[in-house]
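Trainee: 54 is the number of the first residue of the sequence shown in our numbering; add one for each residue after it.
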Amino acid sequence: MRKPLIAGNWKLHKTLSESRALAAGLADNLSDVTDVDILVAPVFTAISTVVDALQGSPIAVAAQNCYPQQTGAYTGEVSPLLLQDAGCSAVIIGHSERRQLLNETNTLINQKVRTCLDAGLTPILCIGETLEQRNNDEMLEVLADQVTGGLIDLTPEQIQRVVIAYEPVWAIGTGVTATDDQAQDAHSFIRGMIQGLSNQEIAAGCRILYGGSVKPDNVDGLLAQDDIDGALVGGASLKVEDFIRIVHFKR
Ligand code: PEP
Numbered sequence: 054m055r056k057p058l059i060a061g062n063w064k065l066h067k068t069l070s071e072s073r074a075l076a077a078g079l080a081d082n083l084s085d086v087t088d089v090d091i092l093v094a095p096v097f098t099a100i101s102t103v104v105d106a107l108q109g110s111p112i113a114v115a116a117q118n119c120y121p122q123q124t125g126a127y128t129g130e131v132s133p134l135l136l137q138d139a140g141c142s143a144v145i146i147g148h149s150e151r152r153q154l155l156n157e158t159n160t161l162i163n164q165k166v167r168t169c170l171d172a173g174l175t176p177i178l179c180i181g182e183t184l185e186q187r188n189n190d191e192m193l194e195v196l197a198d199q200v201t202g203g204l205i206d207l208t209p210e211q212i213q214r215v216v217i218a219y220e221p222v223w224a225i226g227t228g229v230t231a232t233d234d235q236a237q238d239a240h241s242f243i244r245g246m247i248q249g250l251s252n253q254e255i256a257a258g259c260r261i262l263y264g265g266s267v268k269p270d271n272v273d274g275l276l277a278q279d280d281i282d283g284a285l286v287g288g289a290s291l292k293v294e295d296f297i298r299i300v301h302f303k304r
């Protein structure tokens with residue numbers, strides 16, 4: 054039985070006071086949720102503030118990125134060890150915005166995944182095809198490449214600690230969502246890939262989130278699918294009311 058996870062990616066939004074207010078609004082309204090794991094990923098500078106605001110609530114804090122080394126001469130970077138020290142329990146890795154804007158490769162993403170695991174953090178490994186790749190029938194090839202590339206050289210026990218987020222690039226921030234069937238097909242394929250890299254038991258226990266314009270009015274259908282174990286939410290995670298409704302998706 055996989056416990057659902059609803060994760061909010063705040064991207065490059067919210068000042069310290071706005072972050073504090075958003076976190077407090079979520080803590081006030083979600084304190085009694087026990088059947089879903091919840092986390093939010095603020096900007097680096099707001100992590101401590103948000104960790105403080107969420108003290109005593111069931112909501113965990115994640116970072117949106119990390120460097121694939123724990124310490125050293127890496128000016129401007131932040132390591133998983135320091136994120137763990139700041140109160141994070143997870144890190145979003147390989148988001149399509151970083152793959153596209155910052156040319157992040159599967160090799161770099163795999164290093165980040167492994168460095169996170171070494172620091173005891175949960176990597177949330179983002180994968181997903183562009184519209185062009187989908188239209189060219191390259192989707193499965195792209196997903197296979199990103200799953201394998203992100204998880205290469207991990208032991209089955211390490212793979213067990215990774216969360217995958219399937220985020221079709223064409224659905225991120227566009228208001229266009231994958232249909233329930235499109236998302237389920239991709240998730241089922243991804244679970245099969247994970248089984249190939251580990252075993253049936255680990256694949257059955259692995260959480261695969263859907264991301265891409267998840268909103269209060271489409272979350273119920275998506276999360277009713279067999280292989281969809283939660284959501285990575287961008288825009289709708291910035292509004293208390295919307296995020297609360299998403300966490301309260303129809304069980
Ligand atoms: C995201 O940033 O991961 C995302 C899915 O964004 P949105 O929900 O706004 O599409």
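Glycine is no exception: its CB is placed at the ideal position from the N, C-alpha and C atoms.
As a quick exercise: from 258, 149 and 141, pick the residue whose alpha carbon is nearest that of residue 54.
Mentor: It is 258.
Trainee: So, under 8 Å CB-CB, residue 116 and residue 136 are touching, yes? Tell me the CB distance rounded to an integer number of Å.
Mentor: Indeed, because the Cβ distance is near 5 Å, the residues count as touching under 8 Å.
Trainee: Relative to the C-alpha of residue 225, which candidate in 267, 252 and 199 has its C-alpha closest?
Mentor: Considering only alpha carbons, the answer is 267.
Trainee: Would you say residue 76 and residue 106 are within 7 Å of each other, going by their C-beta atoms?
Mentor: The answer is yes: Cβ separation under 7 Å.
Trainee: Closer than 7 Å by C-beta to residue 260: which residues in its own chain qualify, once you throw out the five before and the five after it? Chain order, please.
Mentor: The residues are 55, 58, 216, 282 and 283.
Trainee: Given 6 Å as the limit, tell me if residue 62 has its C-beta closer than that to any heavy atom belonging to the ligand PEP.
Mentor: Yes, the beta carbon of residue 62 sits closer than 6 Å to at least one heavy atom of the ligand PEP.
Trainee: Could you check if residue 120 is buried or exposed, using at least 16 other CB atoms within 10 Å of its CB as the buried criterion?
Mentor: Its Cβ being crowded by 16 or more others within 10 Å, residue 120 is buried.
Trainee: Tell me whether residue 93 sits in a helix, a strand or coil according to DSSP, three-state version.
Mentor: It is a strand residue.
Trainee: First and last residue of the alpha helix (DSSP H) that includes residue 201?
Mentor: It spans 192-204 - the alpha helix (DSSP H) in which residue 201 sits, taken as one unbroken run.
Trainee: Within the present structure, is the beta-carbon of residue 216 separated from the nearest heavy atom of the ligand PEP by less than 6 Å?
Mentor: No, the beta carbon of residue 216 sits no closer than 6 Å to any heavy atom of the ligand PEP.
Trainee: My assumption, with CB atoms under 8 Å, is that residue 61 sits in contact with residue 286. Please give the rounded CB distance.
Mentor: Going by Cβ atoms, the distance from residue 61 to residue 286 rounds to 5 Å, so yes, they are a contact pair.
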